[in-house]
Amino acid sequence: MYRVYHLTDEEKDKIVRCRWDGDTHYYDVFESQEECDQEQKRLDKIEAEYRKKKADYLKNCRGE
Numbered sequence: 001m002y003r004v005y006h007l008t009d010e011e012k013d014k015i016v017r018c019r020w021d022g023d024t025h026y027y028d029v030f031e032s033q034e035e036c037d038q039e040q041k042r043l044d045k046i047e048a049e050y051r052k053k054k055a056d057y058l059k060n061c062r063g064e
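If you count by UniProt numbering, then the sequence shown holds residues 1 to 64, one letter each, in order.
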């Protein structure tokens with residue numbers, strides 16, 4: 001299945017990024033590359049915390 005996302009007039013000439021979180025597509029619109037980089041750092045930090053908590057949880061479930 002393909003989805004087509006049409007940019008609005010407000011989104012034209014801006015950085016638009018599509019991301020998938022495993023359940024939902026998100027379309028992020030950024031004014032600048034720096035803003036995009038900051039958001040990516042924030043998302044990377046959240047993912048790293050999630051992976052650590054998941055690993056700790058699985059470790060505790062196994063009784064290690």
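Built from N, CA and C at the ideal position, the CB exists for glycine as well.
Same chain, Cβ closer than 6 Å to cysteine 36, five either side skipped, listed in chain order: Ile15, Phe30
Beta-ladder partner(s) of arginine 51, from DSSP: For arginine 51, which the question treats as bridged, DSSP gives no partner whatsoever.
CB of aspartate 28 within 7 Å of CB of arginine 17, strictly: yes
Endpoints, the beta strand (DSSP E) within which histidine 25 is located: 25-30
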